[in-house]
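Contents: one structure, followed by commentary.
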Amino acid sequence: MSFAHLAIDLGASSGRAIVGLLDGSPLKLRLEEVHRFEHLPCPTPVGPVWDLTGIWLEILTGLGAAAKWCRENGAELKSVGVDTWGVDWALLGKSGEVLGLPHCYRDPQNEAACQRVLEQMGGFEKLYERTGIQLMPFNTLFQVAARYHTEPKLFDAAERLVFLPDLFHNWLSGELQTERTIASTSSMLDVETGEWDTELLEKLGLPTDILGSIVEPGTVLGTLRAEIAQTTNASAKIQVIAPAAHDTGSAVAAVPATVETNWAYLSSGTWSLLGVELAKPITSEVALSIPLTNERGVDGTIRLLKNIAGLWLVQELRRELQQAGESQDFAQMVEEARRAEPGRTIIDPNYAEFASPGNMSEKIRQFAKKTRQPEPETIGQLVRCALESLALCYDHTLQQLESVLGKSIGVLHIVGGGIQNDLLNEFATAAVGRSVITGPVEATAIGNLLVQAMGSGELSGLPELREIVANSFPRNVVKPDAADHWADSRGKFAELITK
Ligand code: ADP
Ligand code: LRH
734 MSFAHLAIDL
744 GASSGRAIVG
754 LLDGSPLKLR
764 LEEVHRFEHL
774 PCPTPVGPVW
784 DLTGIWLEIL
794 TGLGAAAKWC
804 RENGAELKSV
814 GVDTWGVDWA
824 LLGKSGEVLG
834 LPHCYRDPQN
844 EAACQRVLEQ
854 MGGFEKLYER
864 TGIQLMPFNT
874 LFQVAARYHT
884 EPKLFDAAER
894 LVFLPDLFHN
904 WLSGELQTER
914 TIASTSSMLD
924 VETGEWDTEL
934 LEKLGLPTDI
944 LGSIVEPGTV
954 LGTLRAEIAQ
964 TTNASAKIQV
974 IAPAAHDTGS
984 AVAAVPATVE
994 TNWAYLSSGT
1004 WSLLGVELAK
1014 PITSEVALSI
1024 PLTNERGVDG
1034 TIRLLKNIAG
1044 LWLVQELRRE
1054 LQQAGESQDF
1064 AQMVEEARRA
1074 EPGRTIIDPN
1084 YAEFASPGNM
1094 SEKIRQFAKK
1104 TRQPEPETIG
1114 QLVRCALESL
1124 ALCYDHTLQQ
1134 LESVLGKSIG
1144 VLHIVGGGIQ
1154 NDLLNEFATA
1164 AVGRSVITGP
1174 VEATAIGNLL
1184 VQAMGSGELS
1194 GLPELREIVA
1204 NSFPRNVVKP
1214 DAADHWADSR
1224 GKFAELITK
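This note's numbering puts the first residue of the sequence shown at 734, with every later residue one more than the last.
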């Protein structure tokens, strides 16, 4: 009988349950996707909230399907672990009751709270030197400040603040722990120690008695609650093991960089997370001026990276088409973009207006108008504009990283669902002028599974984990797009973002 683990990988647009089987010599990981679903934030009068119980039922469906698959295929399901997108959280009362629905991070209320916090701190640099996290209005710190402002009594009743994977682990096992990678993206941890910065929270007048102790990725949290085992027809012996509970932490753990020393990663999905892996955080003046984020990873590593808007832009263009009854899939949109004119319009993907949902095509046109460029009209022109601009932003960010590190980066590994967009891979390769390797697509689930295997004592650490990824999944060396505008477009992009 072979052993299996189950990754529940929840991105901001979709979730999946993937069984992983480790066997052979050298060890290889085999994946079996047993469940996949899409999900969306729900608009309410108090802002966008996540369909928490809907997502939970999908998790249970995934667990049930994994248990069935393992039974039918002679495998023993040993453990399950959940990773989610970053920053979102909930409060639990004394009995464990969730106090209010968790908001989706794309919530306009965070903006005012972010400004208030920055004023209280006397500027972003004071916050950055403590937490080392990029300024984004949706960081958990600002979300907590926003909610404390509108609903202070909720915090009186609260016993614990939980991040979403911690909550799902609690619902699976009954145990309650805070996993370090997901906590580290909140802007509430001390960048040097990786522990809660309680002094910061006190300074901001925010409660600290709701913070639990923090555990490492790979920690065995417990076993399935009897009720969960019963409803999913799974064994009550299945362990619940915290993976790198932040999806980006899991994805970067699964980057198959085994020989290179000068590599960077790009985790490509709803967001494009581009950065390097380090032993220690960097909060220098140059890092602050960009600013770059320092998040915690597997085996005590630090991810120095930049959050770039990513395929959110294309997701929103697709949603607009769907609303107009012109349903198109991503592959069709990419084909239209391939046929559109090269180098016509460039945007800054990180322009604040693009971060909120709705009217993406109009927002892109307004940006073009403001910067005196041709306005994209067709879906092909819009998608091409978004993809070329993302590629240029990757190049710019790599240069920024090099300036912080004081050394050059020769190889970019791109992982995640976004690598299914061939055109973006080709654009990225042309724009960055470095060697680009794509794969694996399911890096997040793979990282999640292998960290569980580490936690259960089957694997020793990150180097072994990456060897397994490299041995198990195909990688592709990308050929650059052949259009001749890239040198000009790089110049245009640099001008755009300094305006
Ligand atoms: P998340 O960050 O939500 O977990 P994923 O890693 O699953 O996202 O990546 C989803 C993105 O991948 C989609 O937004 C889409 O842009 C892109 N994508 C998925 N399938 C395809 C495809 N067949 N062709 C082109 N792009 C795709
Ligand atoms: C990517 C991600 C990213 C966060 C964002 C909110 O899914 O976790 O690392 O910053 O979602």
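Glycine is no exception: its CB is placed at the ideal position from the N, C-alpha and C atoms.
It should be emphasised that the depicted structure is a prediction, and the values quoted were computed from it without experimental measurement.
Outcome for residue i when other beta-carbon atoms lying within 10 angstroms are tallied against a minimum of 16
{"i": "residue 885", "result": "exposed"}
{"i": "residue 1039", "result": "buried"}
{"i": "residue 1073", "result": "buried"}
{"i": "residue 882", "result": "exposed"}
{"i": "residue 860", "result": "buried"}
{"i": "residue 1192", "result": "buried"}
{"i": "residue 816", "result": "buried"}
{"i": "residue 1122", "result": "buried"}
{"i": "residue 1223", "result": "buried"}
{"i": "residue 1185", "result": "buried"}
{"i": "residue 1154", "result": "buried"}
{"i": "residue 853", "result": "exposed"}
{"i": "residue 1128", "result": "buried"}
{"i": "residue 1060", "result": "exposed"}
{"i": "residue 1181", "result": "buried"}
{"i": "residue 1062", "result": "exposed"}
{"i": "residue 1005", "result": "buried"}
{"i": "residue 1162", "result": "buried"}
Residue closest to residue i, alpha-carbon to alpha-carbon, out of the options
{"i": "residue 740", "options": "756, 780 and 811", "result": "811"}
{"i": "residue 768", "options": "775, 801 and 759", "result": "801"}
{"i": "residue 1015", "options": "793, 1136, 906 and 1172", "result": "1136"}
{"i": "residue 744", "options": "940, 807, 936 and 978", "result": "978"}
{"i": "residue 966", "options": "1007, 835 and 796", "result": "796"}
{"i": "residue 862", "options": "925, 771 and 894", "result": "925"}
{"i": "residue 985", "options": "962, 1033, 1024 and 959", "result": "1033"}
{"i": "residue 782", "options": "1219, 880 and 1041", "result": "880"}
{"i": "residue 1035", "options": "759, 1195, 771 and 736", "result": "1195"}
{"i": "residue 1105", "options": "920, 949, 1225 and 867", "result": "1225"}
{"i": "residue 1007", "options": "1031, 972 and 1043", "result": "1043"}
{"i": "residue 1197", "options": "963, 964, 1183 and 1206", "result": "1183"}
{"i": "residue 923", "options": "786, 1013, 1170 and 1156", "result": "1013"}
Rounded distance between the beta-carbons of residue j and residue i, thought under 8 Å
{"i": "residue 1083", "j": "residue 865", "result": "About 19 Å separates the two Cβ atoms, so there is no contact after all."}
{"i": "residue 751", "j": "residue 764", "result": "5 Å"}
{"i": "residue 1115", "j": "residue 1050", "result": "6 Å"}
{"i": "residue 818", "j": "residue 980", "result": "6 Å"}
{"i": "residue 1203", "j": "residue 1000", "result": "Residue 1203 to residue 1000, Cβ: 17 Å. No contact."}
{"i": "residue 1081", "j": "residue 1230", "result": "5 Å"}
{"i": "residue 1108", "j": "residue 1117", "result": "With a Cβ gap of about 13 Å, residue 1108 and residue 1117 do not count as contacting."}
{"i": "residue 1048", "j": "residue 746", "result": "6 Å"}
{"i": "residue 982", "j": "residue 914", "result": "4 Å"}
{"i": "residue 1124", "j": "residue 1164", "result": "4 Å"}
{"i": "residue 1102", "j": "residue 1159", "result": "The Cβ separation is near 28 Å, so there is no contact."}
{"i": "residue 1173", "j": "residue 1210", "result": "Between residue 1210 and residue 1173 the Cβ distance is about 14 Å, and since that is not below 8 Å, they are no contact."}
Identity of the residues DSSP links to residue i by a beta bridge
{"i": "residue 1012", "result": "DSSP lists no partner for residue 1012."}
{"i": "residue 998", "result": "1008 and 1146"}
{"i": "residue 751", "result": "740 and 766"}
{"i": "residue 951", "result": "According to DSSP, which records beta bridges pairwise, residue 951 is partnered with nothing at all."}
{"i": "residue 895", "result": "823"}
{"i": "residue 1223", "result": "For residue 1223, which the question treats as bridged, DSSP gives no partner whatsoever."}
{"i": "residue 761", "result": "756"}
{"i": "residue 775", "result": "782"}
{"i": "residue 812", "result": "738 and 972"}
{"i": "residue 1210", "result": "1170"}
{"i": "residue 817", "result": "743 and 979"}
{"i": "residue 1027", "result": "1037"}
{"i": "residue 911", "result": "947"}
Other residues of its chain near residue i: CB distance less than 6 Å, five sequence neighbours each side excluded
{"i": "residue 908", "result": "954 and 955"}
{"i": "residue 952", "result": "975"}
{"i": "residue 821", "result": "835, 838 and 897"}
{"i": "residue 940", "result": "888"}
{"i": "residue 958", "result": "907"}
{"i": "residue 893", "result": "825, 943 and 945"}
{"i": "residue 847", "result": "870 and 875"}
{"i": "residue 903", "result": "909"}
Nonlocal neighbours in the same chain, by C-beta distance under 8 Å from residue i, ignoring five residues either side
{"i": "residue 850", "result": "860, 874, 875, 878 and 937"}
{"i": "residue 996", "result": "988, 990, 1009, 1142, 1143, 1144, 1145 and 1146"}
{"i": "residue 841", "result": "780 and 1089"}
{"i": "residue 1221", "result": "1076"}
Spatial neighbours of residue i in its chain, beta-carbon cut-off 7 Å, leaving aside the 5 residues before and after
{"i": "residue 749", "result": "742, 766, 768, 769 and 1178"}
{"i": "residue 891", "result": "824, 825, 826, 832 and 943"}
{"i": "residue 1019", "result": "1136 and 1137"}
{"i": "residue 737", "result": "752, 753, 754, 803, 808, 809, 810 and 811"}
{"i": "residue 1021", "result": "858 and 861"}
Closer than 7 Å: residue i CB and nearest ligand 3 heavy atom
{"i": "residue 836", "result": "Looking at this structure, you won't find ligand 3 anywhere; what it does contain is ligand 1 and ligand 2."}
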